[in-house]
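Notes follow the structure.
Residue numbers (the working numbering): 231 to 602.
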């Protein structure tokens with residue numbers, strides 16, 4: 231059975247754009263997504279394998295945050311600095327050998343100062359060695375669906391078998407914001423002082439755009455200038471990834487252009503709430519004749535501004551629906567179409583438990599089903 235559903239959409243009146251302007255970004259690859267819906271708003275070569283440089287440290291951080299959540303380490307825990315950590319090349323927070331440093335200081339050094347030495351110290355504290363820690367990073371990458379990513383180290387130093395994509399790094403950035411909001415706040419810190427040395431965050435957008443609250447820069451000669459950024463305007467968050475820009479200034483400006491594009495030309499709409507009664511469905515041989523049904527999640531869509539009235543929803547469910555029915559049991563589907571093209575399908579689920587009727591109720595419904 232099919233039913234056309236009314237869409238209860240609340241949004242500000244915006245100008246209608248018949249056509250979005252063409253977007254050209256000076257980078258090897260890029261991707262812009264809406265955090266809430268995961269909708270891709272703009273992209274180029276998003277699945278092309280590239281060298282991630284220090285964006286690698288997003289996964290290093292994810293594994294560290296997981297260890298903190300599982301209480302395998304603690305923020306105030308003192309960590310011994312090894313000779314290997316102290317001798318790390320590249321950007322550093324300047325930890326010293328045979329001196330202790332706390333996990334929290336190392337995390338800030340890794341995120342704000344992009345310290346390679348901090349990454350090694352954290353990896354050794356959690357896994358015993360960087361090699362084992364890299365294996366943990368790859369395991370998490372697989373779990374998050376990062377299919378074109380492989381890590382051989384914690385820092386992003388060049389290696390032929392160390393690679394990722396703009397798409398995969400978007401999945402990772404989104405996971406950090408979603409899974410560890412308490413630690414994501416660290417990505418907005420503009421400077422950090424350790425060992426009497428103050429270093430500023432290389433993400434220039436933290437100074438240029440008040441809506442930007444993270445995330446991470448990267449650079450190697452082969453990778454070029456890279457930047458993962460996230461920003462919030464009017465309670466709406468976007469995530470951008472720019473890979474292979476020509477300069478530090480360019481990666482900032484191109485990321486800013488991506489974010490402005492997404493905020494200006496798209497809206498994110500909250501159509502239905504989780505567990506909200508969407509419809510009632512005829513139920514047979516049950517203690518109740520009608521079953522409340524809805525979604526098991528909040529339903530959001532990101533659409534070009536001015537096209538919300540083109541979104542249509544059609545509900546389909548099988549009849550006869552026979553009791554018993556449990557909460558969360560799929561009883562149908564809802565298809566969403568934009569301009570007559572199906573863009574998403576969600577399961578329609580039962581919002582209540584309904585047991586079978588007594589023998590008289592079951593018999594009577596059986597007769598009615600035969601007659602129908």
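Glycine included, each C-beta is placed from N, C-alpha and C at the ideal position.
Go to residue i, then tell me how far its beta strand (DSSP E) extends in each direction, as first and last residue.
i	result
residue 467	466–475
residue 545	541–547
residue 272	270–274
residue 571	571–580
residue 257	Counting along the chain, residue 257 falls outside any beta strand (DSSP E), and DSSP gives it neither H nor E.
residue 568	560–568
residue 347	Segment 346–357 is the alpha helix (DSSP H) holding residue 347; no beta strand (DSSP E) there.
Just reading off the alpha helix (DSSP H) that residue i is part of, what are its end residues?
i	result
residue 320	Element bounds for residue 320: n/a, residue is neither H nor E.
residue 492	478–495
residue 287	287–299
residue 314	313–316
For the putative contact between residue i and residue j, defined by C-beta atoms under 8 Å, what is the C-beta separation to the nearest angstrom?
i	j	result
residue 386	residue 417	With a Cβ gap of about 16 Å, residue 386 and residue 417 do not count as contacting.
residue 370	residue 280	So it is not a contact: roughly 19 Å between Cβ atoms.
residue 345	residue 312	Not really, about 14 Å apart at Cβ, beyond 8 Å.
residue 351	residue 304	Going by Cβ atoms, the distance from residue 351 to residue 304 rounds to 15 Å, so no, they are not a contact pair.
residue 564	residue 545	5 Å
residue 535	residue 502	Actually they are not in contact, since the Cβ atoms of residue 535 and residue 502 sit about 20 Å apart, beyond 8 Å.
residue 460	residue 466	Their Cβ separation, rounded to whole angstroms, is 11 Å, which puts residue 460 and residue 466 out of contact at 8 Å.
residue 368	residue 332	Wrong, their Cβ atoms sit about 27 Å apart, outside the cutoff.
residue 185	residue 469	The requested residue 185 is not part of the displayed model; the chain covers only 231 to 602.
residue 531	residue 499	5 Å
residue 283	residue 524	About 45 Å; that fails the 8 Å criterion.
residue 557	residue 521	Not confirmed; about 11 Å, so no contact.
residue 586	residue 553	5 Å
residue 265	residue 406	That pair is no contact at about 11 Å.
residue 481	residue 472	5 Å
residue 353	residue 340	Incorrect: roughly 10 Å between the Cβ atoms, too far for contact.
residue 366	residue 372	That pair is no contact at about 11 Å.
residue 541	residue 568	5 Å
residue 458	residue 288	7 Å
residue 330	residue 310	6 Å
Residue i: beta carbon under 6 Å from a heavy atom of the ligand MG?
i	result
residue 263	For the ligand MG, the structure offers nothing, since it holds no ligand at all.
In the DSSP assignment, what are the bridge partners of residue i?
i	result
residue 310	330
residue 534	496
residue 523	509 and 580
residue 263	270 and 469
residue 445	459
residue 552	514
residue 450	454
residue 557	The partner list for residue 557 (beta bridge, DSSP) is empty, contrary to what the question assumes.
residue 586	516
residue 529	502
residue 280	394
Measure from the C-beta of residue i to each C-beta in chain D and report whether the shortest distance is under 7 Å.
i	result
residue 378	No chain D is part of this structure, which consists of one protein chain only.
Are the region 479–498 and the region 506–515 touching, with three or more C-beta to C-beta distances below 8 Å? no
Output the residue ranges of the alpha helix (DSSP H) runs that lie fully inside the region 372–440 and measure 4 residues or longer, sorted by chain position. 396–409, 411–414 and 435–438
Can you confirm whether the region 256–274 touches the region 384–399 when touching is taken to mean that 3 or more C-beta pairs between the two stretches lie within less than 8 Å? yes
When you compare the region 288–302 with the region 270–280, are there three or more beta-carbon pairs, one atom per stretch, that lie closer than 8 Å? no
Would you check if the region 476–485 and the region 400–416 touch, i.e. whether three or more CB-CB distances between them fall below 8 Å? no
When the Cβ atoms of the region 405–421 are set against those of the region 429–447, are three or more pairs found closer than 8 Å? yes
Touch test, the region 593–602 against the region 562–576, Cβ-Cβ under 8 Å, three pairs minimum: no
Okay, do the region 374–392 and the region 263–274 touch, 3+ Cβ pairs below 8 Å being the bar? no
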